[in-house]
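Asker: Chains as they are written, first to last, in our numbering: chain G, 539 to 1076; chain A, 411 to 502; chain F, 11 to 330; chain W, 5 to 218.
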Amino acid sequence: MSSISVAQHENYLTADFRLWSWLTTLDHKRIAVLYTVSITLLFFIGGAAAALIRLNLLTPYSELVSIETYNKLFTMHGVIMVWFFLIPSIPTTLGNFLVPLMIGARDLAFPRLNLLSWYLYVIGALFAIESLIAGGVDTGWTFYTPFSTMFSNTHVFAAVAGVFIAGFSSILTGLNFIVTIHEMRAPGLSWFRLPLFIWAMYATSLILVLATPVLAMTLVLIAVEHFFRIGVFDPALGGDPLLFQHLFWFYSHPAVYIMIVPAMGVASEIIGCFARNRIFGYRFMAYAMLAIAAFGFVVWGHHMFVSGQSAYAGTVFSLLTFLVSVPSAIKVFNWTATLYKGRISFEAPMLYALGFVGLFTIGGLTGLFLASLGLDVQLHDTYFVVAHFHYIMVGGAVMAFFGGIHFWWPKVTGRMYSDAWARFAAIVTFVGFNLTFFPQFIVGYLGMPRRYPEYPPEFQLWNVLSSTGAVILALGYALPLFYLFRSLRDGPTAPSNPWNAKGLEWQTSSPPLPENFLRTPIVAEEPYSYSSDGPSHG
Amino acid sequence: MKQFSLAPIRTYFFSWCILLALLLLTLGSAFIYLGWLNTAINLTISVTQAAIVLLFSMHLRSAHPTLRIAATIGFFGIAILIALSLSDVLTR
Amino acid sequence: MSHVEFFPAAASTIAGSIDNIYFVWLALSAVIAIAIAVLVVIFAIKYRRSSTADRTVAVGARYEHTMHRIEVTWTLVPLIIFLAMFLWSANAYYESATVPHDAIPVYVVGKQWMWHIEHRGGQREIGELHIPVGRTIALVMTSQDVIHSFSIPGFRVKQDVLPGRYTTLWFKATRTGDFRWFCTQYCGTAHSLMIGRVFVMEPGDFDRWLAVSDTEGSMAAKGARRFRQFGCSGCHGPSANVHAPRLEGLFGKPVQLQDGRSVIADERFIRDSVFLPNKDVPANYEPIMPSFRGQIDEEQMLEIIEYLKSMENVPQGVQR
Amino acid sequence: MASTVASIAPQFDDAAQQRDASNLGIWIFLATEVLFFGVLFAAYTITRTQHPAAFAAGSRLTDLTLATINTALLLTSSLTMALGVHAAQSGARRAIVGWLSLTVALGILFLAIKGLEYHADYVEHLVPALNFSYPGAQASPVELFFYLYFVITGIHALHVFIGVVVISVIAYMASKNTFGPEYFTPVDLTGLYWHLVDIIWIFVYPLLYLVSRS
């Protein structure tokens, strides 16, 4: 064991207990904790909206809420989940905590920007919540023009402002990570010795930095147009509403990769550790994430196959979309191959990670249906799309996020949780998720459109199944709240490396010191140098 | 990344003169009717001016490759955005 | 709860080819997903921590070499499969994107939150669409406000309906019956109520339906009245003394523009010429036409277009 | 009082690492700025493609003389900024303040001329949503041109304004002898930002003011 016994030192949690010290902290680990608390709150607000949506869809006649309320519910669910949970989820919590630790640095390059990023996130979230309290927004999270600019009389401005501000939080996080990974790696830690989680954060940061400004300015144009009733998205003046869709999806398609690439990084760490095996095709895994980040910028038009976009542009976008699927496929194969000749154990993080691989595979394969020009005509804007992206973003990204929380929980808090409860929660989540979203594929091909509070009665069976699954899924998400909180109070103290994992973050104490390492580590070995034949050595 | 190297002061004056000359050129070219070529000439001159500012005033000529990539990647992003959006608009 | 459906009825000529793609993709996905699941389970059992299975692997250069070959294989094989999928599905898409020349136009205006339909004979419908079986129908669609989308799952067709533009959706029903249609682009409060039914009828029944439906004359006749009512005939009519283009036989023909371009005089061109004149000014004419934006509504515009189509020696059918 | 040795933040090993991090950081920030404005250029391109005649007509109504003077001013301010950075690098402490102040003056002049231009547009009823009027059938696409004109020049002017404020602060710091050959990163980074604002204007100028002048 190369970890250092530092029990006598204070750690980042005990360094100062006052609230003020938390609100002004420059420590990346504390900012990660602040972020975790905030996004958990927003996750449960967005989740409450989802619960009401599923409850309302139990019957075909929108008996629980009015159709106006339903429209506001799915808009709020989308806005909060996309911008205030999924996009910041892994980067701002696990990423913030782990990037300096994994590369042997004392902090991110710009700690003040990091804190500013959290404040911007909070202000953005307050705007979003304000729009909710003031009466809600009914545009859908996509803000399509001319509906959002000329026709909606709801609180578009506050919601747009919230997303705009949160966008700058994203940009600052991305910028910080890129600079940190470039400039602050420990001696000996060359690019191809970096953990795949760091590669994932790097690829994600590139997308955050390059895509978010486009969203920000597009939102400015929406706000100006909504306010002054004139703008380039208004067809009545000769403007082009499809221009908005191009600009919006230029950001929002890469945004999907902002959500899923970090999940790929987390899954790689967990699978390598619990299979006690080096990640198969490590370099290909790193390249694949960069390829996904790069290709992600040229496929946005596949959201617009039936929008009135030209057939030629549609063809180009379809082809490019099939190309971006290749690196995703490679990753699934490599995770599977990593299990080969491993020494596998099934603690809770591993269950979450394997669940991620399975759900991501289904999400990816159904993505091919939607990339197919002729077939997408039938599937576009139906529940098939809803099911597909939930498999990617919830089945994929959130499953991996939960896996990551369980994997690094001992490191972050210094406490062990109940693995039995955690494994139970992982299984409940997996089952609940599939029951919720698999029926939506079927009802989608039948033609049930998205964003319908009322629907033809022949679709009811599938909706009832889906709503039943949602109850189980909600249980799966609520369980960790209890056993993780309990572990804080009376969980056993965690050793510095409870999983015998590789990686610099396991070489410091749990929880880490305020300055991360007593002395800067020097890296002399390849990543994931696990050895599956023979007893594990840390 | 290496230490900065101090560029001679005349570089800045020289590039300033060229920038102003190009400004007059682009202005003058606009008054000659050339159809779509007008815009092409204007933009070519703009790209040249931008390149001069980037290379000399902003020292990219002597900068680390990482900085050069960071400097160009934004322009590359816009190029993709405009090119693929136009591929739709022009073929509708 | 009515009977349980797994697949929608297939009631148009292209439904079959779309379903074929769907089923092949399903089979392919199932094979890949199951293969991965089976491998994961096998590895999970064989290489569980307590098992004594052989775990010796090649090391060093041999490992690298093998790994490279495997990686290249599972990069290229999906790539080839994906390209094949792309070609097949793109091909099917072109079939649905190319409007046949013999299509019968039916005009659709979407507005929050209802669908207005007008047949060439002047028969109007709201939320219902009657069509004959076995005939190619092309819906020429526009929106009066926000973006809507016209989707008939039973026909496997869908097309967004945009304000300020015409989009076209064609199909040929293969059997009689009634089929749901939905607005699939979120358009505001009553989006989910912007639905309707397509009634596919035997041609004889359809002709009888046309005959008994109330009309105030054909669309072309109504268009002719609009043409005079809005003063179009003052400049474009036979006795006009203004230098304005004559419109007989114009529809579907190429028009030479002032700036050297040439465009086809289709629905879009005519609509733009009325609402945004001077955008495309025909060669040898002064840009003197005023805009009729705000005066002529979308349905009247469609009637005028139908009138122009009906003028002397015009090829019938729909231009995209 | 002169202390030109930079304090090194605790997360960095040495001054070189700190400077490299700042440099990469500012360049990434500039890339985001480029993309930020890129949306406006994309909107401009698409809308102009659809309404070429209206954009030509709109552009002819802009004030070319003022815009050309402004372009020259900005290019010159880029020179003075570069000389300010050069002065910091070579340790000419008094010169830093002088060049930076000149840059600030040019920036303020640019904004003042911009204001004159806006005033003229207002008088000529060219401000969309406020008092726009344009004879003939092209009115609405011409209004779209002026909408883009105001959004693009407005957001650019905001960047000039921010630049003026930041450079003023840097000039004040320079007057306290903060910068020298060992520590000039803030001057350098501000300079890079100012040059980028200049580059954006280099593209704005022909696209808004030079369309169809012949």
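Heads up, the beta-carbon is just placed ideally off N, CA and C, and yes, glycines get one too. Keep in mind it's a predicted model, so treat the numbers as computed, not measured.
(1) In chain order, what residues of the same chain lie with their CB nearer than 7 Å to the CB of F:M11, ignoring the 5 residues before and after it?
(2) Does the beta carbon of G:M755 sit closer than 8 Å to a beta carbon anywhere in chain W?
(3) Mind listing the chain F neighbours of W:P145? Cutoff is C-beta to C-beta under 8 Å, in chain order.
(4) Opposite F:L179 in the DSSP bridges: which residues?
(5) What first and last residue would you give for the alpha helix (DSSP H) that runs through A:H474?
(6) What span of residues does the alpha helix (DSSP H) with G:S1069 cover, start to end?
(7) Does the beta carbon of W:T8 come closer than 8 Å to any beta carbon on chain A?
(8) Helix or strand or just coil, what does DSSP make of A:S439?
(9) In angstroms, rounded to a whole number, what distance separates the CA positions of F:G227 and F:Y117?
(10) Please report the Cβ distance between F:V109 and F:W191, rounded to the nearest whole angstrom; I am assuming they are in contact, meaning their Cβ atoms lie under 8 Å.
(11) For G:I605 and F:H201, I'd like the C-alpha separation in whole angstroms.
(12) Put G:F555 into one of helix, strand or coil per three-state DSSP.
(13) Which residues in chain W sit within 9 Å of G:P751, going by Cβ to Cβ distance?
(14) Extract the residue ranges of the alpha helix (DSSP H) inside the stretch 106 to 133 of chain W, only unbroken runs of 4 or more that lie entirely within it.
(15) How big is the Cα-Cα spacing for F:P142 and F:F216?
(16) Bridge partners for G:I618 per DSSP, in chain order?
(17) What residues in the stretch 604 to 628 of chain G bring their beta carbon closer than 7 Å to a beta carbon of chain F?
(18) Sort W:I159, W:F150, W:V168, W:A99 by Cα distance to W:Y126 and report the nearest one.
(19) Does the separation of the CB atoms of G:G893 and G:M931 fall below 8 Å?
(20) Considering F:D188, what are the terminal residues of the beta strand (DSSP E) in which it resides?
(21) Determine the extent of the beta strand (DSSP E) in which G:K879 is found, giving its start and end residues.
(22) For F:I127, name the three-state secondary structure that DSSP assigns.
(23) Smallest Cα separation from G:V675: which of G:W656, G:L658, G:A699, G:L654?
(24) Can you give me, in chain order, the residues of the stretch 168 to 200 of chain F that have a beta carbon less than 7 Å from any beta carbon in chain G?
(25) Work out the CA separation of W:W103 and W:V191 for me, nearest whole Å.
(26) Please look up how many angstroms separate the CB atoms of G:M722 and G:A824, rounded, as I've assumed it's under 8 Å.
(27) Comparing alpha-carbon positions, which option in G:R592, G:L732, G:A867 lies nearest G:I830?
(28) Output the boundary residues of the alpha helix (DSSP H) element that contains A:Q459.
(29) What are the boundary residues of the alpha helix (DSSP H) that G:L1011 is part of?
(30) Using only alpha-carbon positions, find the residue among W:Q142, W:A175, W:P210, W:T182 that is nearest to W:G282.
(31) Anyone know if the C-beta pair for G:Y795 and G:V752 falls short of 8 Å?
(32) Does the beta carbon of W:M5 come closer than 8 Å to any beta carbon on chain G?
(33) Starting from W:D202, trace the alpha helix (DSSP H) both ways and give me its first and last residue.
(34) Is the CB of F:P300 under 8 Å away from at least one CB in chain W?
(35) In the DSSP assignment, find the alpha helix (DSSP H) that holds F:P264 and state where it starts and stops.
(36) Do we get a CB-CB distance below 8 Å when we pair G:L561 with the residues of chain F?
Answerer: By the coordinates alone:
(1) For the purposes of this step, residue 11 of chain F is taken as the residue at position 1 of the third sequence. Reliability fails at F:M11, whose pLDDT of 44 lies under 50, so the model's placement of it is uncertain and the value that follows must be treated cautiously. Once the five neighbours on either side are set aside, F:M11 has no close Cβ partner at all.
(2) Here residue 755 of chain G refers to the residue found at position 217 when the first sequence is read from its first residue. With 8 Å as the cut-off, G:M755 counts as an interface residue toward chain W.
(3) For the purposes of this step, residue 145 of chain W is identified with residue 141 of the fourth sequence, where counting begins at 1. Residues of chain F passing the Cβ test: L286, K289.
(4) One-based indexing of the third sequence puts residue 179 of chain F at position 169. Paired residues: F:L149.
(5) The residue labelled residue 474 of chain A in the question sits at position 64 within the second sequence. Judged by DSSP secondary structure, A:H474 falls outside any alpha helix (DSSP H); it is assigned neither H nor E.
(6) The count along the first sequence starts at 1 and reaches residue 1069 of chain G at position 531. Note, G:S1069: premise wrong, no alpha helix (DSSP H); not H, not E.
(7) If you number the fourth sequence from 1, residue 8 of chain W lands on position 4. Summary for W:T8: the model assigns pLDDT 46, below 50, so the residue's position carries little reliability; its value from the coordinates is reported in the next sentence. No, its Cβ sits nowhere closer than 8 Å to a Cβ of chain A.
(8) Reading the second sequence from its first residue, position 29 is the one you call residue 439 of chain A. Correct three-state label for A:S439: helix.
(9) Along the third sequence, read from residue 1 onward, the residue named residue 227 of chain F stands at position 217. Along the third sequence, read from residue 1 onward, the residue named residue 117 of chain F stands at position 107. Inter-residue distance for F:G227 and F:Y117 is about 15 Å (C-alpha atoms, whole angstroms).
(10) By one-based count along the third sequence, residue 109 of chain F stands at place 99. By one-based count along the third sequence, residue 191 of chain F stands at place 181. The pair is not a contact, with the Cβ atoms about 18 Å apart (cut-off 8 Å).
(11) Start at 1 with the first residue of the first sequence, and residue 605 of chain G comes out as number 67. Start at 1 with the first residue of the third sequence, and residue 201 of chain F comes out as number 191. Roughly 9 Å separates the two Cα atoms.
(12) Here residue 555 of chain G is taken as the residue at index 17 of the first sequence, counted from 1. Here G:F555 sits in coil by DSSP.
(13) Taking the first sequence and counting its residues from 1, one reaches residue 751 of chain G at position 213. The contacting residues are A35, T36, E37, V38, L39, F40, F41, G42, V43.
(14) The stretch 106 to 133 of chain W contains no whole alpha helix (DSSP H) run of 4 or more residues.
(15) Stepping through the third sequence from its first residue, residue 142 of chain F is reached at position 132. Stepping through the third sequence from its first residue, residue 216 of chain F is reached at position 206. Cα to Cα, the separation comes out at about 6 Å.
(16) Position 80 of the first sequence, counted from the start, is the residue given in the question as residue 618 of chain G. Looking at the DSSP output, G:I618 bridges to nothing.
(17) Hits within the stretch, in order: I605, E606, N609.
(18) Here residue 126 of chain W corresponds to residue number 122 of the fourth sequence, with the count starting at 1. Comparing alpha carbon positions, the residue from W:I159, W:F150, W:V168, W:A99 closest to W:Y126 is W:F150.
(19) Reading the first sequence from its first residue, position 355 is the one you call residue 893 of chain G. Reading the first sequence from its first residue, position 393 is the one you call residue 931 of chain G. For G:G893 and G:M931, no; Cβs fall outside 8 Å.
(20) The sequence position of residue 188 of chain F within the third sequence is 178, counting from 1. Going by DSSP, F:D188 is part of the beta strand (DSSP E) stretching over 187 to 193.
(21) In the first sequence, residue 879 of chain G corresponds to position 341, counting from 1. DSSP places G:K879 in no beta strand (DSSP E); its state is neither H nor E.
(22) Along the third sequence, one-based indexing puts residue 127 of chain F at 117. In the structure shown, F:I127 adopts extended strand secondary structure according to DSSP, grouped into three states.
(23) Residue 675 of chain G sits at position 137 when you count from the first residue of the first sequence. Of the residues G:W656, G:L658, G:A699, G:L654, the one whose Cα lies closest to the Cα of G:V675 is G:A699.
(24) So the close ones are K168, Q169, D170, L172, P173, G174, R175, T177, R190, F192, T194, Q195, Y196, C197, G198, T199, A200.
(25) Reading the fourth sequence from its first residue, position 187 is the one you call residue 191 of chain W. Reading the fourth sequence from its first residue, position 99 is the one you call residue 103 of chain W. C-alpha separation (whole angstroms): 11 Å.
(26) The sequence position of residue 722 of chain G within the first sequence is 184, counting from 1. The sequence position of residue 824 of chain G within the first sequence is 286, counting from 1. Going by Cβ atoms, the distance from G:M722 to G:A824 rounds to 19 Å, so no, they are not a contact pair.
(27) Translated into the one-based positions of the first sequence, residue 830 of chain G becomes position 292. Out of G:R592, G:L732, G:A867, G:A867 has the C-alpha closest to the C-alpha of G:I830.
(28) If you number the second sequence from 1, residue 459 of chain A lands on position 49. Per DSSP, the unbroken alpha helix (DSSP H) holding A:Q459 starts and ends at 446 to 462.
(29) Looking up residue 1011 of chain G in the first sequence gives position 473. Per DSSP, the unbroken alpha helix (DSSP H) holding G:L1011 starts and ends at 998 to 1028.
(30) Coverage of chain W is limited to positions 5 through 218, which leaves residue 282 of chain W absent and any answer about it impossible.
(31) Taking the first residue of the first sequence as position 1, residue 795 of chain G is located at position 257. Taking the first residue of the first sequence as position 1, residue 752 of chain G is located at position 214. Result no, Cβ atoms of G:Y795 and G:V752 do not sit closer than 8 Å.
(32) For the purposes of this step, residue 5 of chain W is identified with residue 1 of the fourth sequence, where counting begins at 1. Its pLDDT being 35, under 50, W:M5 is placed unreliably by the model, and nothing is read from it.
(33) If you number the fourth sequence from 1, residue 202 of chain W lands on position 198. First-last of the alpha helix (DSSP H) with W:D202: 189 to 213.
(34) As a first step, residue 300 of chain F is located in the third sequence; it is residue number 290 there, counting from the start. So yes, F:P300 belongs to the interface.
(35) Here the question's residue 264 of chain F lines up with position 254 in the third sequence. For F:P264, no alpha helix (DSSP H) segment is defined; the enclosing uninterrupted segment is the beta strand (DSSP E) at 264 to 266.
(36) Position 23 of the first sequence holds residue 561 of chain G. So, not an interface residue.
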